[in-house]
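Note that the protein sequences, when read in sequence, are chains W and V. So for the first sequence, numbering that gives the first Met the number 0 puts the first residue at 0; every next one is plus one. So for the second sequence, numbering that gives the first Met the number 0 puts the first residue at 0; every next one is plus one.
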Amino acid sequence: MQTEVFLAGFGGQGVMFAGQVLSYAAMDIGKEVTWIPSYGPEMRGGTANCTVVIADEEIGSPLVQDPPAVIVMNLPSLDKYEPTVKPGGVLIVNSSMVDRDVTRSDITWVSIPCNEIAEEAGDKRMANIVATGALLALLPVLTLEDVESALKAHMPGRHKHLLPKNVEALKRGAEYAKKNARKAK
Amino acid sequence: MAREMWKGNEAIAEAAVRAGVEAYFGYPITPQNEVLEYLSHRMPELGRAFVQAESEPAAINMVYGAACTGARVMTSSSSPGISLMQEGLSYIAGTEVPMVLVNVMRGGPGLGNIAPSQGDYNQICKGGGHGDYHPIVLAPASIQEAVDLMPVAFELAHKYLNICTILIDGSIGQMMEPVTLPEMQPVIRKEYDWAVSGAKGRKRHLLSSIYLDVPTEEKVNLRILGRWREARENEIRFKEYYLDDAEYIIIGFGTAGRIALSAVRAARAQGIKVGLFRPISVNPFPYKRVEELCKQAQSFLVVEMNTGQMLKDVQVAVRNRVPVRFYGRLGGVMPFPDEFVTEIQEMIKNPGKPEDDPADLWYQRMIAR
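In structure tokens form, the structure reads like this:
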């Protein structure tokens, strides 16, 4: 069994961190995992992305052409990566930064206002965690509890006080996605 | 030992520390920077030597000096920086002192870019610097493998008084994977009969790579070759996947090798009996094993992130016994597994002849698309 998650957005939206959170959670439940960032000049220019591969056996390629799960945090990322989602896959769109719907009908997707939900949960910087919650509601590769434990175990001490808020953001993202997801036709 | 999530470059740096590296000299270059950055605080913390030199030539000459003491020493860089070090590397080889080099390859030639590439295979394996010498080169495909090979690299460098290079590319340097790090080893300083470690109370040692007396230089060359021949016998490393019933075999090292693993699994899901042979020691290259595999393989597919540099070594082993096909991506492009799957399918449809030139046929396909 192998699942790949691709995350993209502007630098600063926390897509790298969200990918790392998934990676830590996967490692902690005994899975094999790779996290690979875009580290080229585009990282300096604004957009950032990473790919997380979670598997039960030795992982081959750290990159995939058609990931079954994609999170896009802004419009340029939606435009660029919507066509790459594997048919039948899952797409999470941060509607706070995107003013259009998903055009594909062969994937399950949700348009979720991550920034606003994060703000309600206590800190607008947690938009990435809201999106992660939404993803896990539609793609049961890890449980919310796995991610909660990973945050608890690996968050640096100075950020520990943010844990309850992050767990709240994760849950709100998942709830929103469960209620509003459009299933693949 | 617990598994921890590490970035490739930092894991390699910590593994070197645990393998007892006493001195590190380097100069920053992407995508290798984190090795240097990590060691800049880790080495002083342990009372060991760290110097960010003013240039790569300076760094490699500092390594040269430190290596002459018999200590475990290393440097790391990425392609253009490695080119700048070649004079020093040749002097180190000529002086017969041990060192570990890490090359986190990037797209080239020239300044190129910072994306993952395997374009330095020839430079790293076949010498790079001037003169007759043969560095030992290990090419891990994952962070765990890289970490496991760090202590091995120091042992081989010291056993064969040679340069031992860990050859990876930017993707392995930049990615994160769970790893189990090796145990911390105590610093080992062997009393070598050649090291310049302070001559008080004994005869002085002189280390140099200059032998103006020509017959002496020939003897030195034979001595270097003798140790290399021994390494060639003893230090072959590779990993095999799904080879038991394989009728077709992919050969790839490092990142291209691990991408090929995904391709092999995908092709097997389509019922194709294909396996993977992944050389880990690319110098010495596992010629004998590839030769043996000719009995089993109907044909080989060699995959690389270069124009077919390791392909030449495969061809030396295969010697036109069976057809060989080649597929490469260049300039920092990382291939997707699907590309290799297509190549496997094409190879089965049209196996070609053993005497075909795989690099030429690949070039024709590349420019036609």
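Using N, Cα and C, we set each Cβ at its ideal position, and we do this for glycine too.
- Contact of Pro-336/V with chain W is assigned, a C-beta pair being separated by under 8 Å.
- Pro-67/W has a beta carbon lying at 8 Å or more from every beta carbon in chain V.
- When the beta-carbon positions are compared, Gln-173/V and Pro-30/V come within less than 8 Å of each other.
- Neighbours of Ile-279/V across chain W, judged by C-beta separation under 8 Å, do not exist; the nearest C-beta is about 14 Å away.
- If you ignore the 5 residues before and after Val-97/W, its C-beta comes within less than 8 Å of the C-beta of Val-71, Asn-73, Leu-74, Leu-77, Ser-110, all in its own chain and listed in chain order.
- Ala-140/V and Gly-7/V do not touch by the CB rule: their CB atoms are close to 11 Å apart, not below 8 Å.
- For Ile-343/V against Ala-255/V, the beta-carbon gap comes to about 14 Å, at or over 8 Å, which does not count as contact.
- Pairwise C-beta distances place the region 310 to 321 of chain V out of contact with the region 329 to 346 of chain V, as fewer than three of them are shorter than 8 Å.
- A Cβ-Cβ contact shorter than 8 Å links Arg-71/V with Glu-21/V.
- For Val-20/W, the secondary structure class from DSSP, reduced to helix, strand or coil, is helix.
- If you draw a 10 Å sphere on the C-beta of Ser-22/W, you find 16 or more other C-beta atoms in it, and that means buried.
- According to the DSSP assignment, Gln-122/V belongs to the alpha helix (DSSP H) that extends over 120 to 124.
- Ser-78/V carries a helical assignment under DSSP once its states are collapsed to helix, strand and coil.
- Our two residues, Glu-36/V and Ile-171/V, have alpha carbons roughly 17 Å apart in a direct line.
- In the displayed model, Pro-278/V falls within a strand according to three-state DSSP.
- Here Leu-134/W is buried: its Cβ has 16 or more other Cβ atoms, across all protein chains shown, within 10 Å.
- In the DSSP annotation of this structure, the continuous segment of the beta strand (DSSP E) that includes Ser-298/V starts and ends at 298 to 303.
- For Ser-39/V, the CB contacts under 6 Å within the same chain, skipping 5 residues up- and downstream, are Phe-49 in chain order.
- Distances from the CA of Ile-11/V to each of Ile-91/V, Leu-83/V, Asp-147/V were compared; the closest alpha carbon is that of Asp-147/V.
- If you check the CB distance, Met-15/W and Met-4/V do not come in under 8 Å.
- Between the alpha carbons of Lys-202/V and Tyr-286/V lies a gap of roughly 43 Å.
- In summary, Asp-168/V is buried, with 16 or more beta-carbon neighbours lying within 10 Å of its beta-carbon over all protein chains present.
- Sorting Ala-230/V, Ser-298/V, Glu-182/V by C-alpha distance to the C-alpha of Ala-156/V places Ala-230/V at the top.
- Less than 8 Å divides the Cβ of Thr-74/V from the Cβ of Leu-100/V.
- For a Cβ distance threshold of 8 Å, residue set Met-4, Met-174, Met-175, Glu-176 of chain V lies close to Trp-34/W, ordered along the chain.
- With a threshold of 8 Å between beta carbons, Met-333/V makes contact with chain W.
- DSSP places Gly-253/V inside the alpha helix (DSSP H), whose first and last residues are 253 to 268.
- Spanning the alpha carbons of Arg-47/V and Ala-7/W requires a straight line of approximately 40 Å.
- Against chain V, a Cβ distance below 8 Å from Gly-87/W picks out nothing, because the smallest value is about 17 Å.
- Using a CB distance cut-off of 8 Å, Ser-148/W does not count as an interface residue toward chain V.
- Counting C-beta pairs with one atom in each stretch, the region 114 to 121 of chain V and the region 88 to 97 of chain V have fewer than three that are closer than 8 Å, which means they do not touch.
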